[in-house]
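Residue numbers (the working numbering): 704 to 1059.
C-beta atoms are modelled at their ideal positions from N, C-alpha and C, and glycine is treated no differently.
Since this is a predicted model, take the numbers as computed values, not measurements.
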Ligand code: ADP
Ligand code: MG
């Protein structure tokens, strides 16, 4: 793999990192002003920065082996440079002056598996810029700038969860976040438990169109019920008056918010696992964002001794599953799950724990 030195013929001035994240509970709730419960994963993105001496920005991704060079105020072609340029341009719009840069990025967060490589790229870039330029921005501001960069420059209509998780969460606790107020709490993991993450190997081809459709359905349901967002409903019975499919869509969001609110009460890992299982059933039956391969993978996990619970994680339509398992058993459960899953004709991949 090429280094900063190989690409730019100089040493970097600084280096900064940010992790990917996995959402334990609270799926499709963030654009409904609701509650989420992510944690950081061991995989991270690292950015190295130096000064460029030709009045241009140069961005290089080691994973893509791709370099993009642009004049200081030029919009880059749509791609990985959009996320980086978005962060720089938003800082400039906030009146921080950013000199021409050499920026090198490398990452162990898989791209497009729902573990938020995009937020890790934005947050590591902003952390690097903060360090290099001594900027007075805090972790929440970093998350907010990162989200705006993704929406306005990469063209992805994302909520704030991914960026808040990458900027504020750590691997050893859960980040409870109220996506409306940004009120948050760092909470201990369920006792004697650890997580396993397995990629289903199914590309999220329908994710974009399916996501937009579900967003529109939720907005319509909130409008009919006369609330600002579905977060404003806590009693699931209220959604029963809605026409289908809005009734089931809203039921998922309301019950999912309630599951997150229960999960932050210091419950047992067994109960936490039951909530994850219920979340998967709700995503599959009411929200209809699962696919057969994800159901197979989750089913294998749920039937495995030592697993408290499992669910698809991320927007669905493919991507990864997360399970809560007994502490110390992830290293055995993950490979045995993968073997059964692959025997069923799939090609999955273990993401956590990181096994050599
Ligand atoms: P996810 O965030 O779930 O991994 P996204 O589709 O939101 O999936 O983001 C993936 C995109 O982010 C990639 O297509 C690429 O443009 C950008 N990206 C993330 N990490 C890197 C990296 N290390 N190098 C280049 N681009 C990256
Ligand atoms: Mg993303």
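Which residues share a DSSP beta bridge with residue i?
| i | result |
| --- | --- |
| residue 1029 | 896 |
| residue 742 | 725 |
| residue 901 | 1024 and 1053 |
| residue 748 | 721 and 810 |
| residue 774 | 759 |
| residue 1014 | 1025 |
| residue 799 | In the DSSP output, where bridge partners are listed per residue, residue 799 has none listed. |
| residue 753 | 805 |
Which first and last residues belong to the beta strand (DSSP E) in which residue i is found?
| i | result |
| --- | --- |
| residue 766 | Per DSSP, residue 766 belongs to no beta strand (DSSP E) and is neither H nor E. |
| residue 890 | 887-891 |
Report, in whole angstroms, the separation of the C-beta atoms of residue i and residue j, which I expect to be a contact under 8 angstroms.
| i | j | result |
| --- | --- | --- |
| residue 979 | residue 1017 | Incorrect: roughly 14 angstroms between the Cβ atoms, too far for contact. |
| residue 827 | residue 719 | 5 angstroms |
| residue 989 | residue 954 | 5 angstroms |
| residue 857 | residue 929 | With 8 angstroms as the limit, residue 857 and residue 929 do not qualify as a contact, their Cβ atoms being about 34 angstroms apart. |
| residue 898 | residue 984 | Not confirmed; about 20 angstroms, so no contact. |
| residue 1041 | residue 1051 | 5 angstroms |
| residue 770 | residue 710 | 7 angstroms |
| residue 1035 | residue 1058 | Incorrect: roughly 10 angstroms between the Cβ atoms, too far for contact. |
| residue 1001 | residue 896 | Going by Cβ atoms, the distance from residue 1001 to residue 896 rounds to 17 angstroms, so no, they are not a contact pair. |
| residue 872 | residue 741 | 6 angstroms |
| residue 843 | residue 885 | 7 angstroms |
| residue 893 | residue 971 | 7 angstroms |
| residue 848 | residue 829 | 6 angstroms |
Comparing alpha-carbon positions, which option in the options lies nearest residue i?
| i | options | result |
| --- | --- | --- |
| residue 783 | 929, 808 and 796 | 808 |
| residue 778 | 1002, 759 and 902 | 759 |
| residue 921 | 722, 736, 797 and 776 | 736 |
| residue 727 | 926, 1023, 1002 and 1034 | 1023 |
| residue 1015 | 722, 941 and 729 | 729 |
| residue 946 | 925, 849 and 966 | 925 |
| residue 715 | 832, 941 and 1029 | 832 |
| residue 865 | 987, 895, 846 and 767 | 846 |
| residue 1039 | 906, 901, 963 and 944 | 901 |
| residue 850 | 937, 824 and 874 | 824 |
| residue 812 | 916, 994, 721 and 861 | 721 |
| residue 1033 | 751, 1043 and 1009 | 1009 |
| residue 1020 | 755, 764, 905 and 712 | 905 |
| residue 869 | 819, 810 and 994 | 819 |
| residue 834 | 752, 992 and 938 | 752 |
| residue 1043 | 918, 713, 1005 and 837 | 1005 |
| residue 882 | 876, 996 and 862 | 862 |
| residue 962 | 975, 1003 and 951 | 975 |
| residue 822 | 964, 949, 854 and 937 | 854 |
| residue 785 | 802, 798, 764 and 797 | 764 |
| residue 918 | 877, 754 and 992 | 992 |
| residue 1048 | 879, 796 and 903 | 903 |
Where does the unbroken alpha helix (DSSP H) through residue i begin, and where does it stop?
| i | result |
| --- | --- |
| residue 805 | Element bounds for residue 805: not the alpha helix (DSSP H) but the beta strand (DSSP E), 804-810. |
| residue 881 | Premise fails: residue 881 lies in the beta strand (DSSP E), 876-881, not in any alpha helix (DSSP H). |
| residue 708 | 707-711 |
| residue 820 | 820-836 |
| residue 796 | 783-796 |
| residue 860 | First-last for residue 860: undefined, no H or E at that position. |
| residue 985 | 972-988 |
| residue 957 | 949-966 |
| residue 853 | 842-855 |
| residue 698 | In this structure the chain extends from 704 to 1059, so residue 698 is not present and cannot be described. |
Verify the contact flag: residue i, CB atom, against every heavy atom of ligand 3, threshold strictly below 8 angstroms.
| i | result |
| --- | --- |
| residue 786 | Looking at this structure, you won't find ligand 3 anywhere; what it does contain is ligand 1 and ligand 2. |
### Message
Assess contact between the stretch 901-911 and the stretch 881-893, defined as three or more Cβ pairs (one per stretch) separated by less than 8 angstroms. Is contact present?
### Response
The stretch 901-911 makes no contact with the stretch 881-893: fewer than 3 CB pairs, one atom from each, lie closer than 8 angstroms.
### Query
Taking contact to mean at least 3 C-beta pairs separated by less than 8 angstroms, is the stretch 724-742 in contact with the stretch 955-971?
Between the stretch 724-742 and the stretch 955-971 there are three or more inter-stretch CB-CB distances shorter than 8 angstroms, so the stretches are counted as touching.
### Query
Are the stretch 744-751 and the stretch 930-948 touching by the rule of at least three beta carbon pairs closer than 8 angstroms?
Taking a cut-off of 8 angstroms on C-beta distances, the stretch 744-751 does not touch the stretch 930-948, as fewer than three cross pairs fall below it.
### Query
Is the stretch 802-822 touching the stretch 756-774, taking contact as three or more C-beta pairs under 8 angstroms?
Contact holds: three or more Cβ-Cβ distances are below 8 angstroms.
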